[in-house]
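Protein chains: 2
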Amino acid sequence: MSNRITLKQIAKELNLSVSTVSKSLRNSREISTDTKNLVQAFAKFYNYKPNSIALNLRNRKSKTIGVIIPEITHYFFSNVIAGIDSEANKKGYRVVVSLSNESFDTEVVNIETLANGSVDGFILSVAKETLLNKDYHHFKETINQGMPIVMFDRITNEVACDKVIIDDKEGAKKAVNKLLNTGCKKIALVTTEDYVTVGSLRTKGYIEALEESNIAYDPNLVIKIQDQGLNKDEEITLLGQSIVKLLHQHRDIDAFFAVNELSAITVMKVVLDLGYKVPEDISIIAFTDGVLSKYSIPALTTVSQHAFEMGVASAKLLIDKIEEITNSEFHITQTMDATLIERQTTK
Amino acid sequence: MSNRITLKQIAKELNLSVSTVSKSLRNSREISTDTKNLVQAFAKFYNYKPNSIALNLRNRKSKTIGVIIPEITHYFFSNVIAGIDSEANKKGYRVVVSLSNESFDTEVVNIETLANGSVDGFILSVAKETLLNKDYHHFKETINQGMPIVMFDRITNEVACDKVIIDDKEGAKKAVNKLLNTGCKKIALVTTEDYVTVGSLRTKGYIEALEESNIAYDPNLVIKIQDQGLNKDEEITLLGQSIVKLLHQHRDIDAFFAVNELSAITVMKVVLDLGYKVPEDISIIAFTDGVLSKYSIPALTTVSQHAFEMGVASAKLLIDKIEEITNSEFHITQTMDATLIERQTTK
DNA sequence: TATCAACACGAAAACGTGATAGTGACCATC
DNA sequence: GATGGTCACTATCACGTTTTCGTGTTGATA
Chain A
1 MSNRITLKQI AKELNLSVST VSKSLRNSRE ISTDTKNLVQ AFAKFYNYKP
51 NSIALNLRNR KSKTIGVIIP EITHYFFSNV IAGIDSEANK KGYRVVVSLS
101 NESFDTEVVN IETLANGSVD GFILSVAKET LLNKDYHHFK ETINQGMPIV
151 MFDRITNEVA CDKVIIDDKE GAKKAVNKLL NTGCKKIALV TTEDYVTVGS
201 LRTKGYIEAL EESNIAYDPN LVIKIQDQGL NKDEEITLLG QSIVKLLHQH
251 RDIDAFFAVN ELSAITVMKV VLDLGYKVPE DISIIAFTDG VLSKYSIPAL
301 TTVSQHAFEM GVASAKLLID KIEEITNSEF HITQTMDATL IERQTTK
Chain B
1001 MSNRITLKQI AKELNLSVST VSKSLRNSRE ISTDTKNLVQ AFAKFYNYKP
1051 NSIALNLRNR KSKTIGVIIP EITHYFFSNV IAGIDSEANK KGYRVVVSLS
1101 NESFDTEVVN IETLANGSVD GFILSVAKET LLNKDYHHFK ETINQGMPIV
1151 MFDRITNEVA CDKVIIDDKE GAKKAVNKLL NTGCKKIALV TTEDYVTVGS
1201 LRTKGYIEAL EESNIAYDPN LVIKIQDQGL NKDEEITLLG QSIVKLLHQH
1251 RDIDAFFAVN ELSAITVMKV VLDLGYKVPE DISIIAFTDG VLSKYSIPAL
1301 TTVSQHAFEM GVASAKLLID KIEEITNSEF HITQTMDATL IERQTTK
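So the sequence lines, in the order shown, correspond to chains A and B.
Taking the numbering used here, I'd label the letters of the first sequence as residues 1 to 347.
Taking the numbering used here, I'd label the letters of the second sequence as residues 1001 to 1347.
Structure below.
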């Protein structure tokens, strides 16, 4: 349907060969100035642009990065994409996005659909189902076929590739230490099931920070978010109930650390409903980077994941691999600092 | 770098011609069963997948949709993308995303970069700067070159193409009527500059709803959000000041209608700070679909934009045009209903 | 005047695929 | 035994580029 002009058409129109036209446009000195001027003027007039698909085929690369993420309606992920997009554009790459919706099958299909030459490499964050299944063959095959992959945030150590993570454990420690330093004595934790790597690392940080302050780790103060096929609203309702129950059993809880934003907001909602004052009675810190924390009332103190920067870093790593600036045999794991952003839910 | 196997390599390996291999894989009955089985087994073993770039070149289409949006870290837009992605995948299309960051130049560059055969059509929401400049030549040229465009949400009537919008005026009226029906008498409006079409339509709805209830429209109750190159935080601070000022001048304001989420949240923050009770003293309704509204405390009553559905509808329209199911000469504007979601900031 | 270089351009191949149009070999029919 | 048809496969082209290798013409040099 597209009626864009091609080299062939220009050649025919000007009674020249395709090669001459091509060389003229690339300003080859094999071609006389007169001819070059003529061709260039003609091309400009008809708004000639080389067909990128033909170029891709010829150069055997697509100048495109495939991004596969669990969900896009999530500030963290969309912010990572913004970072990838920014860096990719700088280097002349395009970004194609596809969503796994946390599903293993979708992830497999997506990666296979894009691995047929459509993209030069992948940046991805592993779907929950995949982490649960521990089936990473699709990643391994892709890598075996010479296509580089960079994983960010939700990674697996079973696949040899470049990775970008934040220092989840250290970030969690920063959060817990902040709570301890502001006088909190009994800190509850809201976390995910262990198979989500980031969740378990943050849990580890929580435990370590407590131990370093000689506070015994009490498993009873931990709520693990169930996700057996519930939708988000149901999950939240369930979590809310768990929080109420926990607060009834342990009336001296004076702080919550939540490994993600929505949990923290849920904590805050419940806590405020029950008549506690935040942060006077109960402090809250979330692990996240989202808008909810920034604009909630009161605004949440958080551990920032630097999503945009993660995107930039991932894109840099991938492009270096694609352009063979870095050796494809060696893989690096880049750890980014998690920084504490103090807002209104801590003293 | 990619070492994916090609038809040629299979042919060489099996001492067959490329055509035979190709036909075998496509199960042509010109080829003997033995040969077909052999080739298919070989191809499967080496995980042959046709190179999509070659196919794109041959078929002169990319099976790819280009999406250009002002920003992705915005629940509305990322939700639209999720809708587009969902529908596109169903129909065998891929989605490449690029961001204009509200900049005219970036929008132009992005559309030109993708219009060289990389995509079969565009789904886009116009950048603010473009709306301000009123320079739509890049869209018109793209359409002239036979590439279909579907605009959603932020559209312009100066470009002839399919469009998907929500009924902004009607949505605004629903919101204002809800406020009136719950006893509000003096409703303030927080809106954008008029060049943002959706903003001005919502303003119109606000005015109409008032007039239909025989309430005089008072321009003094309207705050227009300035955006002369300020960053978001500065914008919000400024807006906050305007709200405080307005409330001082008009102490009997009992409701706010805000045309976007962040403004509404800002209103709520200021109002709560000043000691008003929401919704007892002041009701608030926002025009949006975001997480902030859903999870804010109290949760905001909103007019939903049905972002996901807009994405789906846009993708359907575009694919129909690409596949020439609908005539490229005729353009339809699809209006989606805006529905009121009652939460806790209205009585 | 034969030789050679510079000049200005064209032909052809390649990237990977799939469709159209051959091409031999074999068998059956009249 | 010439004709025709089926079978199983191959050659070629086209998609739009860029690049390598020609090639014919001109003018200068020995």
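For glycine and all other residues, C-beta sits at the position ideal for the given N, C-alpha and C.
Because the structure is a prediction, the values reported are computed rather than measured.
Secondary structure, beta strand (DSSP E): runs of 3+ residues fully inside the region 1183–1246 of chain B = Secondary structure within the region 1183–1246 of chain B: the beta strand (DSSP E) runs of 3 or more consecutive residues, fully enclosed, are 1187–1191, 1222–1224 (chain order).
Start-to-end residues for the alpha helix (DSSP H) that takes in A:M147 = Translated into positions along the first sequence, residue 147 of chain A becomes position 147. Run containing A:M147: none; DSSP gives neither H nor E here.
Does the distance from the CB of B:A1082 to the CB of A:L99 come in under 8 angstroms?
-> For the purposes of this step, residue 1082 of chain B is taken as the residue at position 82 of the second sequence. For the purposes of this step, residue 99 of chain A is taken as the residue at position 99 of the first sequence. Cβ atoms of B:A1082 and A:L99: closer than 8 angstroms.
With 7 angstroms as the C-beta to C-beta threshold (strictly closer), list the residues of the region 1269–1286 of chain B near chain A in chain order.
-> Using a CB distance below 7 angstroms, the part of the region 1269–1286 of chain B facing chain A consists of K1269, L1272, ordered along the chain.
How far does the beta strand (DSSP E) with B:T1333 in it reach, from first residue to last?
-> By 1-based counting over the second sequence, the position of residue 1333 of chain B is 333. B:T1333 -> beta strand (DSSP E) spans 1333–1336.
Opposite B:A1041 in the DSSP bridges: which residues?
-> In the second sequence, counting from the first residue as 1, residue 1041 of chain B sits at position 41. The partner list for B:A1041 (beta bridge, DSSP) is empty, contrary to what the question assumes.
Can you name the residues of chain A whose CB is closer than 7 angstroms to the CB of B:T1073?
-> In the second sequence, residue 1073 of chain B corresponds to position 73, counting from 1. In chain order: Y75, S78, N79, A82.
Quick one: list the residues of chain A neighbouring B:K1049, beta-carbon separation under 8 angstroms, in chain order.
-> Taking the first residue of the second sequence as 1, we reach residue 1049 of chain B at position 49. The contacting residues are E112, A115, N116.
Where the beta strand (DSSP E) containing A:F287 begins and where it ends | Position 287 of the first sequence, counted from the first residue, corresponds to residue 287 of chain A. First-last of the beta strand (DSSP E) with A:F287: 283–287.
Please classify B:L1340: does DSSP put it in a helix, a strand, or coil?
-> For the purposes of this step, residue 1340 of chain B is taken as residue 340 along the second sequence, with counting starting at 1. When secondary structure is reduced to three states using DSSP, B:L1340 falls in the strand class.
At what residues does the beta strand (DSSP E) containing B:G1121 begin and finish?
-> Here residue 1121 of chain B corresponds to residue number 121 of the second sequence, with the count starting at 1. Looking at the DSSP string, the run of the beta strand (DSSP E) that includes B:G1121 is 1121–1124.
Flag this pair as yes or no: are the beta carbons of A:K321 and A:D162 separated by less than 8 angstroms?
-> The residue labelled residue 321 of chain A in the question sits at position 321 within the first sequence. The residue labelled residue 162 of chain A in the question sits at position 162 within the first sequence. Taking 8 angstroms as the Cβ cut-off, A:K321 and A:D162 qualify as a contacting pair.
Kindly identify the DSSP beta-bridge partner or partners of B:R1094.
-> The residue labelled residue 1094 of chain B in the question sits at position 94 within the second sequence. Per DSSP, B:T1064.
Residues in its own chain within less than 7 angstroms of A:E309 by CB, not counting five upstream and five downstream?
-> Position 309 of the first sequence holds residue 309 of chain A. Closer than 7 angstroms at the Cβ level, and outside the excluded window around A:E309, lie G83, M336.
B:E1261: which of B:N1327, B:E1234, B:T1302 sits nearest, CA to CA?
-> The count along the second sequence starts at 1 and reaches residue 1261 of chain B at position 261. Per the Cα distances, B:T1302.
Which residues does DSSP pair with B:S1304 in a beta bridge?
-> The count along the second sequence starts at 1 and reaches residue 1304 of chain B at position 304. BP columns for B:S1304 point to B:T1339.
Beta bridge counterpart(s) of A:V164 as assigned by DSSP = For the purposes of this step, residue 164 of chain A is taken as the residue at position 164 of the first sequence. According to DSSP, which records beta bridges pairwise, A:V164 is partnered with A:F152, A:Q334.
Compare the beta carbon distance of B:P1279 and B:T1346 with 8 angstroms and say whether it is the shorter of the two.
-> Against the second sequence, residue 1279 of chain B aligns to sequence position 279. Against the second sequence, residue 1346 of chain B aligns to sequence position 346. The answer is yes: Cβ separation under 8 angstroms.
Measure from the C-beta of B:S1052 to each C-beta in chain A and report whether the shortest distance is under 8 angstroms.
-> By one-based count along the second sequence, residue 1052 of chain B stands at place 52. Chain A contact via Cβ: present.
A:L25 versus A:R202: straight-line alpha-carbon distance, rounded | Your numbering for residue 25 of chain A matches position 25 in the first sequence. Your numbering for residue 202 of chain A matches position 202 in the first sequence. Their backbone Cα atoms lie some 56 angstroms apart in a straight line.
Contact between the region 1148–1161 of chain B and the region 1176–1192 of chain B (3+ Cβ pairs under 8 angstroms) = no
Are any of the Cβ atoms in chain B nearer than 8 angstroms to that of A:N56?
-> Walking along the first sequence from the start, residue 56 of chain A turns up at place 56. Yes, its Cβ sits closer than 8 angstroms to a Cβ of chain B.
Starting from the Cα of A:L340, find the closest Cα among A:T64, A:N214, A:I284 and give me that residue.
-> The count along the first sequence starts at 1 and reaches residue 340 of chain A at position 340. Selected option, being the one with the closest Cα: A:I284.
Where does B:A1127 fall in DSSP's three states?
-> Along the second sequence, one-based indexing puts residue 1127 of chain B at 127. Of the three classes helix, strand and coil, the one that applies to B:A1127 here is coil, per DSSP.
Taking one C-beta from the region 66–77 of chain A and one from the region 1052–1059 of chain B each time, how about it: are there three or more such pairs within less than 8 angstroms?
-> no
To the nearest angstrom, report how far apart B:G1229 and B:E1129 are at their CA atoms.
-> Here the question's residue 1229 of chain B lines up with position 229 in the second sequence. Here the question's residue 1129 of chain B lines up with position 129 in the second sequence. Distance between the alpha carbons of B:G1229 and B:E1129 is about 11 angstroms.
Closest Cα partner of B:Y945 within the set A:I332, A:G240, A:E212, A:V96 = This structure does not reach residue 945 of chain B, given that chain B is present from 1001 up to 1347, and the question cannot be answered.
By Cβ distance, which residues of its chain are closer than 8 angstroms to B:V1106, with the 5 residues on each side in sequence left out?
-> Indexing the second sequence from 1 puts residue 1106 of chain B at position 106. Val is not the amino acid found at residue 1106 of chain B; the sequence shown has Thr there. These residues qualify, in order along the chain: L1099, S1100, A1127.
Beta-bridge partners of A:A258, as assigned by DSSP = The residue you call residue 258 of chain A lines up with position 258 of the first sequence. Beta-bridge pairing links A:A258 to A:V190, A:A286.
Starting from B:V1159, trace the alpha helix (DSSP H) both ways and give me its first and last residue.
-> Indexing the second sequence from 1 puts residue 1159 of chain B at position 159. Following the DSSP letters along the chain, one finds B:V1159 in no alpha helix (DSSP H), marked with neither H nor E.
What residues of chain A sit near B:I1068, judged by a beta carbon separation below 8 angstroms?
-> Locating residue 1068 of chain B in the second sequence gives position 68, counting from the first residue. Within 8 angstroms Cβ-Cβ: nothing; B:I1068 doesn't reach chain A, min ~11 angstroms.
So what's B:I1297 in DSSP terms, helix, strand or just coil?
-> As a working note, residue 1297 of chain B is residue 297 in the second sequence. In this structure, B:I1297 counts as coil in the three-state DSSP scheme.
Quick one: what's got a C-beta closer than 7 angstroms to A:K185's C-beta in the same chain, skipping five residues either side?
-> Here residue 185 of chain A is taken as the residue at index 185 of the first sequence, counted from 1. These residues qualify, in order along the chain: D254.
Identify the continuous alpha helix (DSSP H) that holds A:E112 and give its terminal residues.
-> Within the first sequence, numbered from 1, the residue matching residue 112 of chain A stands at position 112. It spans 104–114 - the alpha helix (DSSP H) in which A:E112 sits, taken as one unbroken run.
CA-CA distance, A:I349 and A:T237?
-> This structure cannot speak to residue 349 of chain A, because chain A is shown only from 1 to 347.
If we count the other Cβ atoms within 10 Å of its Cβ and call it buried at 16 or more, is A:T20 buried or exposed?
-> Residue mapping note: residue 20 of chain A aligns to position 20 of the first sequence, counting from 1. If you draw a 10 Å sphere on the C-beta of A:T20, you find 16 or more other C-beta atoms in it, and that means buried.
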